[in-house]
Structure formats: C-alpha cells, structure tokens
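Q: I have a structure here, written as structure tokens, and I will follow up with some questions on it.
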Amino acid sequence: MIHMIKDKITPEIKRMFIDAIEATVRTGNEHGFLICKNIIGELKPTQMCEGEKCIVSLEELECPFITEGNFHTHPDIANHRKIFPDMSDDEIKDFVFDMASYFNATVPGPGHADLVYARLGKL
Numbered sequence: 000m001i002h003m004i005k006d007k008i009t010p011e012i013k014r015m016f017i018d019a020i021e022a023t024v025r026t027g028n029e030h031g032f033l034i035c036k037n038i039i040g041e042l043k044p045t046q047m048c049e050g051e052k053c054i055v056s057l058e059e060l061e062c063p064f065i066t067e068g069n070f071h072t073h074p075d076i077a078n079h080r081k082i083f084p085d086m087s088d089d090e091i092k093d094f095v096f097d098m099a100s101y102f103n104a105t106v107p108g109p110g111h112a113d114l115v116y117a118r119l120g121k122l
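Position 92 of the sequence shown, counting from 1, maps to 91 under numbering that gives the first Met the number 0, and the rest follow consecutively.
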C-alpha cells in the first residue's frame with residue numbers, strides 16, 4: 000500500500016504551514032521549515048526560519064532525525080501588495096496573469112531550485 004504524505008500531515012505541521020504563509024504575507028519575506036521523520040516514521044517540523052524576499056536558508060536548520068522534505072513560501076502577492084496597496088489580492092493576481100500573458104511569459108511557480116531538489120528527492 001502506498002502512503003501519501005498528505006496522510007501524515009499532523010495538526011502541528013499544518014499549523015506551521017499556515018504560520019509560514021501568514022508571516023510571509025505580513026512581512027513580504029520568505030519563511031520555511033524542514034519536515035523531519037523520526038525513527039517511528041512520524042513527521043515533525045523544525046523551527047521556522049525567515050529569509051529575504053526571494054530566499055530562505057533552510058540549510059541552517061537541522062533535523063534531529065531524517066530530513067523528509069521542506070516547506071517554504073514564495074511571497075509574490077505580499078511583494079505586489081506593497082507596490083499596489085489599493086488593489087485586492089484577486090486584482091493583483093489578475094494583473095500578474097494579464098502581464099504574463101501580454102509578455103508571453105509564465106506566472107511564477109516553483110523556482111528552478113525547488114524543481115531540482117524535488118526531482119533529486121525522488122531518485
């Protein structure tokens with residue numbers, strides 16, 4: 000039987016997801032934490048770290064057991080909100096998508112490093 004990571008997300012980790020997102024919206028900086036697996040297979044988060052606008056140093060964090068993965072935010076809306084303070088989040092999203100379409104560009108998703116690390120983690 001295949002176990003999905005979503006089945007292992009504890010209330011503590013879920014709270015950390017929400018806290019990281021709220022902190023990013025509040026500060027405009029990236030936030031993240033490592034997800035560690037203990038010897039009985041339970042997932043536990045490390046403390047959260049705060050980075051700059053587009054980077055967070057997860058390497059500074061340590062798992063007491065095995066690093067299973069990480070979670071970090073991308074503060075795009077928070078950064079745009081500072082530029083367009085009178086626009087709603089939906090208006091900002093629409094604007095970003097319209098500009099991307101106009102310039103035939105893609106809207107930011109996972110960063111290149113995120114994709115590489117995700118792939119390496121699957122090998």
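A virtual CB, placed ideally from N, CA and C, is assigned to each residue, including glycine.
If you're wondering where the values come from, they're calculated on a predicted model, not measured in any experiment.
#1: Could you have a look at threonine 45 and say whether DSSP puts it in helix, strand or coil?
#2: Isoleucine 39: buried (16+ other C-beta within 10 angstroms of its C-beta) or exposed?
#3: Using the Cα positions of aspartate 93 and glutamate 11, report the straight-line distance between them to the nearest angstrom.
#4: Between leucine 60 and phenylalanine 96, which are expected to be in contact by the criterion C-beta below 8 Å, what is the C-beta distance as a whole number of angstroms?
#5: Pairing CB atoms from the stretch 55–73 with CB atoms from the stretch 20–30, are three or more of them under 8 Å?
#6: What are the boundary residues of the beta strand (DSSP E) that lysine 36 is part of?
A: Walking through what the data contain:
#1: coil
#2: exposed
#3: 33 Å
#4: About 33 Å separates the two Cβ atoms, so there is no contact after all.
#5: yes
#6: 30–36
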